[in-house]
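What follows is a short report on a single structure.
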Amino acid sequence: MISMLRTCAPLVLALTSTVAALAACGNAVDADVIGTTAVTVGADGRPVAVVRVCTGGIDTLQLLGDRTGLADDEPNPVLGTWRAATERDGTVELVLGSADDGWRGPEEIALEDDSTYVLSASDSDQDAEATQVSFTPAQLASLAPDQVVVRDGEVVARADLDDCAG
Numbered sequence: 001m002i003s004m005l006r007t008c009a010p011l012v013l014a015l016t017s018t019v020a021a022l023a024a025c026g027n028a029v030d031a032d033v034i035g036t037t038a039v040t041v042g043a044d045g046r047p048v049a050v051v052r053v054c055t056g057g058i059d060t061l062q063l064l065g066d067r068t069g070l071a072d073d074e075p076n077p078v079l080g081t082w083r084a085a086t087e088r089d090g091t092v093e094l095v096l097g098s099a100d101d102g103w104r105g106p107e108e109i110a111l112e113d114d115s116t117y118v119l120s121a122s123d124s125d126q127d128a129e130a131t132q133v134s135f136t137p138a139q140l141a142s143l144a145p146d147q148v149v150v151r152d153g154e155v156v157a158r159a160d161l162d163d164c165a166g
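Residue numbers are given in this note's numbering: position 85 of the sequence shown equals residue 85, and the series is strictly consecutive.
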């Protein structure tokens, strides 16, 4: 019996540690995906958030910096958060670095050419968010007027945002 305990104890300890580690992992996300976040560039050269909300609404946009120099467990730095006075639905646009049309947030942002940025949109009252987008200033500079950047830097026609089926 003692021999069996000595054999099983390490196995039980390993399984317990694995289960505890998986339970503590913060990568499992159950947020409802309510649309698509995109970014384009305005006529004045400033980045413009374009969010196609397919269900529900959003009231928060957040711009994050890249992971350069960060440890694996460190979050991306928050560069700006914009909050709307009321929930927005349909196609939502906001020039980043402005606080207009009922949005509160930073009125100036500076993007560095050699950095990657992440833009997210969410409903602060619900566990719901649009897909986030990562982009670089070089991508924005190369966009045609009818293009946006979505997801992991994919360039698509702005009209593609209207399709909530995919």
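Think of the CB as a built atom: it goes at the ideal place given N, C-alpha and C, for glycine as much as any other residue.
Counting only the same chain and skipping the five closest in sequence on each side, list residues whose C-beta sits under 6 Å from that of residue i.
i: Arg88; result: Gly57 and Ile58
i: Ala121; result: Thr37, Val51, Ile58, Leu61 and Ala130
i: Ser124; result: Asp59 and Thr60
Would you call residue i buried or exposed, if buried means 16 or more other Cβ atoms sit within 10 Å of its Cβ?
i: Thr68; result: exposed
i: Ala107; result: Residue identity differs from the one stated: residue 107 is Glu in this sequence, not Ala. Looking at its Cβ environment, which holds fewer than 16 other Cβ atoms inside 10 Å, Glu107 is exposed.
i: Leu119; result: buried
i: Asp162; result: exposed
i: Ala207; result: For the chain, the structure presents residues 1 to 166; residue 207 sits outside this window and is missing.
i: Thr40; result: buried
i: Ala71; result: exposed
i: Ala85; result: exposed
i: Ala159; result: exposed
i: Ala128; result: buried
Taking the alpha carbon of residue i as the point to measure from, which residue in the options has its own alpha carbon closest?
i: Pro186; options: Ser134, Ala31 and Arg46; result: This structure gives no information on residue 186, because the portion of the chain shown stretches from 1 to 166.
i: Gly42; options: Ala141, Trp82, Thr131 and Ala31; result: Ala141
i: Thr36; options: Arg151, Val155, Ala159 and Ala157; result: Arg151
i: Leu143; options: Leu111, Gly65 and Ala157; result: Ala157
i: Asp113; options: Asp66, Val33 and Glu129; result: Asp66
i: Leu79; options: Gln126, Thr116 and Thr131; result: Thr116
i: Ile109; options: Cys164, Leu63, Asp32 and Val33; result: Leu63
i: Arg104; options: Arg83, Leu111, Asp123 and Ile34; result: Arg83
i: Cys164; options: Pro77, Asp101, Asp32 and Thr55; result: Thr55
Confirm the yes/no value for this check: CB of residue i, any heavy atom of the ligand NAP, distance under 7 Å.
i: Leu64; result: Although the ligand NAP was asked about, the structure shown includes no ligands whatsoever.
Helix, strand or coil for residue i? Go by DSSP, reduced to three states.
i: Ala128; result: strand
i: Pro106; result: coil
i: Arg83; result: strand
i: Pro47; result: strand
i: Ala138; result: helix
i: Asp160; result: helix
i: Gly65; result: coil
i: Gly90; result: strand
i: Thr116; result: coil
i: Gly57; result: strand
i: Arg35; result: For the sequence presented, residue 35 should be read as Gly rather than Arg. Strand at Gly35.
i: Arg151; result: coil
Ordered along the chain, which non-local residues of its own chain (more than five positions away) have a Cβ less than 7 Å from that of residue i?
i: Val92; result: Val51, Val53 and Ile58
i: Gly90; result: Val53
Who are the Cβ neighbours of residue i in its own chain at under 8 Å, not counting the five residues just before and after it?
i: Gln139; result: Val149, Gly153 and Val155
Tell me, please, whether the stretch 126-136 touches the stretch 93-105 by the rule of three or more beta-carbon pairs shorter than 8 Å.
The way I'd put it, the stretch 126-136 doesn't touch the stretch 93-105; fewer than three beta-carbon pairs between them come closer than 8 Å.
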